[in-house]
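Chemist: Taking this note's numbering, the leading residue of the sequence shown gets 0, the next gets one more, and so forth.
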Amino acid sequence: MPVKETIGNESYVSTMGSEKMSVVFSISHQPSALVKALTPFQNNSINLTHIESRPLAEDENKYKFLCNLEICNEDDEQRLKKAIAELKEISGKDCVKVLSRRDIDSTQSQDSEEVPWFPIKIAELDRFASQILSYGSELDADHPGFTDEVYRKRRKMFADIAFNYKHGEPIPQVEYNEAELATWRTVFTKLSTLFETHACKEFRKVWPLLVTNCNYNKDNIPQLQQVSQFLKDCTGFTLRPVAGLLSSRDFLAGLAFRVFHSTQYIRHGANPFYTPEPDVCHELIGHVPLFCDPEFAAFSQEIGLASLGAPDEWIEKLATLYWFTIEFGVCREDGALKAYGAGCISSIEELENCVSDSSKKLPFECENIVTTKYPITTIQPVYFVAPSFAEAKRKIREYSSQIPRTFTVHYNPYTQSVQLINKRSNCIKMIRDLANDMKTLEDAVNKLED
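1) Got a sec, what are the start and stop residues for the alpha helix (DSSP H) residue 287 sits in?
2) Over what stretch of residues does the alpha helix (DSSP H) that includes residue 366 continue unbroken?
3) Tell me which residues share the same chain as residue 193 and place their Cβ nearer than 8 Å to its Cβ, disregarding the 5 neighbours each side in the sequence.
4) For the beta strand (DSSP E) that residue 338 lies in, which residues bound it at each end?
5) Per the contact definition of three or more C-beta pairs closer than 8 Å, is the segment 114–125 in contact with the segment 405–425?
6) Residue 47 and residue 33 - do their beta-carbons sit closer together than 8 Å?
7) Which class does residue 66 belong to by DSSP, given the choice of helix, strand or coil?
8) Taking a contact to mean a Cβ-Cβ separation below 8 Å, would you say residue 385 touches residue 406 in this structure?
9) Below 6 Å CB to CB, which residues in the same chain sit around residue 445 once its five sequence neighbours on both sides are set aside?
10) Can you name the start and end residues of the alpha helix (DSSP H) that residue 197 belongs to?
11) Who are residue 385's beta bridge partners in DSSP?
12) Using DSSP with H/G/I as helix, E/B as strand and the rest coil, what is residue 342?
13) Taking only the alpha-carbon atoms, compute the straight-line gap between residue 164 and residue 391 and give it to the nearest angstrom.
14) Check the C-beta distance from residue 25 over to residue 63 and give it rounded, since I have them as a contact under 8 Å.
15) For the pair the segment 138–146 and the segment 248–263, tell me if three or more CB-CB distances fall below 8 Å.
16) Hey, which unbroken runs of the beta strand (DSSP E) at 3 residues or more fall wholly within the segment 176–257?
17) So what does DSSP say about residue 354, is it helix, strand or coil?
18) Mind listing, in chain order, the continuous alpha helix (DSSP H) runs of no fewer than 4 residues lying wholly within the segment 380–424?
19) Run through DSSP, which three-state label would residue 24 get?
20) Give the single residue among 141, 398, 174 and 201 whose Cα lies nearest to the Cα of residue 285.
21) Quick one: Cα of residue 365 to Cα of residue 357, how far?
22) Between residue 287 and residue 320, what straight-line distance do the alpha-carbon atoms span, to the nearest angstrom?
23) Just how far apart, CA to CA, sit residue 95 and residue 65?
24) Here's the rule: buried if 16 or more other CB atoms are within 10 angstroms of the residue's CB, otherwise exposed. What is residue 368?
25) Could you check if residue 330 is buried or exposed, using at least 16 other CB atoms within 10 Å of its CB as the buried criterion?
26) When the Cβ atoms of the segment 152–161 are set against those of the segment 296–307, are three or more pairs found closer than 8 Å?
27) Out of 228, 273, 98 and 276, point me to the one whose CA is closest to residue 291's CA.
28) Determine, using beta carbons only, whether residue 307 and residue 252 come nearer to each other than 8 Å.
29) Can you give the beta carbon distance from residue 395 to residue 305, rounded, assuming they're within the 8 Å contact cut?
30) Provide the residue(s) that pair with residue 120 in DSSP beta bridges, ordered along the chain.
31) Ordered along the chain, which non-local residues of its own chain (more than five positions away) have a Cβ less than 6 Å from that of residue 85?
32) Report the rounded CA-to-CA distance for residue 433 versus residue 410, giving the unit in angstroms.
33) For residue 39, report the span of its alpha helix (DSSP H) as first-last.
34) If the criterion is Cβ atoms closer than 8 Å, does the pair residue 127 and residue 245 meet it?
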């Protein structure tokens, strides 16, 4: 669940005290060209942590370079600005782009070259591990588990597992203690009685499959690795353990790769029907079932893709759309209201409230949704009703086309990477891929006709 707040500069500063940035530039293929292009970084004492190169698709006589770096303070930032200015003198202004989590120069114009950093490869989600807004064991004074030392130690254990996790590794299994199992049993048993009458048909279809394939039952908390593998087989979505709350930008970026950042800890047993932050009950009972549905998975990824490279004000709008859909979404089913949002499905009080007459229902219109304020720790007073996932996805795609980006993004499931569609050559390649798919579809239709 993304954190609801205006995501300003401070949200993106790493907890390690530094901020990662990338500089992308292209240069002609000639002797000593790279040495010359890197001179501005050397002259301004900018330490590059990684350099990649590849031929420029649009011009075989040029190479594109990606340089990763870190800045730790204002002096570093000022030196970087100077280095970028010098690099543009060498490579040309149009050949240099800065990818960062915030503007390094607040005086830049609206048509600045700078784009907020976003992952291109799925493995780059590892960079979010140290950029959480709060660590798992850091509890507020009003948290039910604040004075429980055993609970706090368990929370730190779960957070450490997630903090050290890297893409491609199996998610470590955990042995839940009796207190945690008792909390799960209480929540699971009560919620299970409401699904048939309150949850949407897509949820009801998947729930028995999770019981059969992932050992969902009142006496067992499913392991994230087993659930993640089942999800992958269904829709290509996977789970990734997270050590604490992520910024909205980072959380949404995961969805673009069909990765859901999931907690592994459970709420405190003192109040099993309330949690001030997402926990394993919320993730496994609320989120996972719908991520098994192809239409919902595509709908969720659509929000994630829209967030990549978007300005901060648009990240807040997309996070609000996420809140009123994936978290607290309600749809119509044969005229009746049904819940599909994880925040509704994993909360008894919320599940009953969202389909009752006591809460306000509004039509699903993105322009109205993004300006709606909402409470985080209390029952939602208003819900936006979508006629279907497909219609909600269409409206979000249409709305997100207004995001001021100079490129379009496309997810490649074969390489698990994001492709920037900002050149004629990119478009031609996509057209060829689509033509191949259409040929396959045409062959299938012809065989059906025979």
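Where is the CB? At the ideal position from N, CA and C, for every residue including glycine.
Modeler: The structure says:
1) 287–290
2) 365–368
3) 347, 350 and 351
4) 335–338
5) yes
6) no
7) strand
8) no
9) none
10) 194–197
11) 330
12) helix
13) 34 Å
14) 5 Å
15) no
16) 237–240
17) coil
18) 388–399
19) strand
20) 201
21) 23 Å
22) 19 Å
23) 10 Å
24) buried
25) buried
26) no
27) 228
28) yes
29) 7 Å
30) 416
31) 39
32) 14 Å
33) 32–42
34) yes
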